[in-house]
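For the sequence shown, counting from 1, position 196 maps to 196 in full-length UniProt numbering; every step adds exactly one.
Don't be surprised by glycine CBs; every beta carbon is placed ideally from N, CA and C.
No experiment lies behind these values; they were computed from the predicted model shown.
Report on the structure given below.
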Amino acid sequence: MNKQCGEALEAMRKKTPLCHCITNFVSMDIMANTLLAIGASPIMAHEVDEVEDMVTICGSTLINIGTLSKRWIEAMIKAAKKAHELGKCWVLDPVGAGATPLRMETCKELLKYHPTVIRGNASEILALAGTVSSGRGVDSTDSSQAALNAGKALAKEYECVVGITGEVDYVTDGERVIEVHNGVEMCTLITAAGCSLTSIICAFLVSGEAPMEATAYALACFAVASEMAREKAKGPGSLRMELMDALYLMTKEDIEKRANFQ
1 MNKQCGEALE AMRKKTPLCH CITNFVSMDI MANTLLAIGA SPIMAHEVDE VEDMVTICGS
61 TLINIGTLSK RWIEAMIKAA KKAHELGKCW VLDPVGAGAT PLRMETCKEL LKYHPTVIRG
121 NASEILALAG TVSSGRGVDS TDSSQAALNA GKALAKEYEC VVGITGEVDY VTDGERVIEV
181 HNGVEMCTLI TAAGCSLTSI ICAFLVSGEA PMEATAYALA CFAVASEMAR EKAKGPGSLR
241 MELMDALYLM TKEDIEKRAN FQ
């Protein structure tokens, strides 16, 4: 898969996809810069009166529930409904799912519109599947392996792809599973690193690949870039800076050499 992943990265960059992101205050900056660095074009728009227009003109949409408010929830639901009506790809990032009733209710409403991809940590995926999770707020205290069966069940129920990120990343459509064995633990010390990863999935969904492969390739590209960045970084602050450079400088050859799919 390494060769195909590198080719998908090049294909995405040639298209410079317009990615519509409805996301949280914490992640807006790093998410937009992540998309720019890897070769996509972000639009960070959450006004309820324009989200349907944004969904229409953009290649794909990302909905991240990190910082909820009533008006943002309304915008998220309108965007998901519009994407579903148009048959456009959209990604759900269920940040902190299960932490509060509001987050679960919002996720359940959004799931009615069948996201193309759900990307979450183990605790979030377990919560969405109705399984007891030991998550703490937006942090995962469960292993990605422990959430794999829950991810498969979610994928089957909503006819989507589920990406579970952690020490090993898993991607499933309910039947098949792709594992990505790359990445660095220090990324957990960068706020919104996971949100940024989800934005790359949003970009890869317009690369021409099937959603499952697009998701796996996006996870691998982010993980490989994080490994390249870690080689130069001294700590979380410099890792964030080096990560942006690595996403920008990463080549097809880097992916072919470093990606570890199983």
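Between the alpha carbons of residue 208 and residue 197 lies a distance of about 19 Å.
For residue 120, the uninterrupted beta strand (DSSP E) run begins and ends at 117-121, by DSSP.
Relative to residue 217, the option among 38, 240 and 67 whose CA is nearest is 38.
In the assembly as shown, residue 210 is an exposed residue. Its beta-carbon has fewer than 16 other beta-carbons within 10 Å.
Per DSSP, reduced to three states, the secondary structure at residue 182 is coil, with no helix or strand assignment.
In the DSSP assignment, residue 172 falls within the unbroken beta strand (DSSP E) covering 169-172.
Around the CB of residue 241, fewer than 16 other CB atoms lie within 10 Å, so the residue is classed as exposed.
By the C-beta density criterion, residue 20 is buried, having at least 16 other C-beta atoms within 10 angstroms. Beta-bridge analysis with DSSP links residue 42 to 19.
Distance from the CA atom of residue 115 to the CA atom of residue 200, rounded to whole angstroms, is 16 Å. Between residue 184 and residue 123 the beta-carbon gap is near 20 Å, outside 8 Å, which marks them as no contact. The closest CA to that of residue 76, considering only 58, 48, 56 and 86, is found on 48. The beta carbon of residue 81 is closer than 6 Å to those of 113 in its chain, skipping five residues each way along the sequence. DSSP, reduced to helix, strand and coil, places residue 226 within a helical segment of the structure shown. Taking 8 Å as the upper bound for CB-CB distance, residue 12 and residue 203 are in contact here, some 6 Å apart. Sequence-distant partners of residue 255 (beyond 5 residues in either direction) whose C-beta falls short of 8 Å from its own C-beta, in its chain, are 2, 5, 6, 9, 220, 221 and 224.
Spatial neighbours of residue 83 in its own chain (CB-CB distance under 6 Å, excluding positions within 5 residues in sequence) are listed in chain order as 55, 61 and 90.
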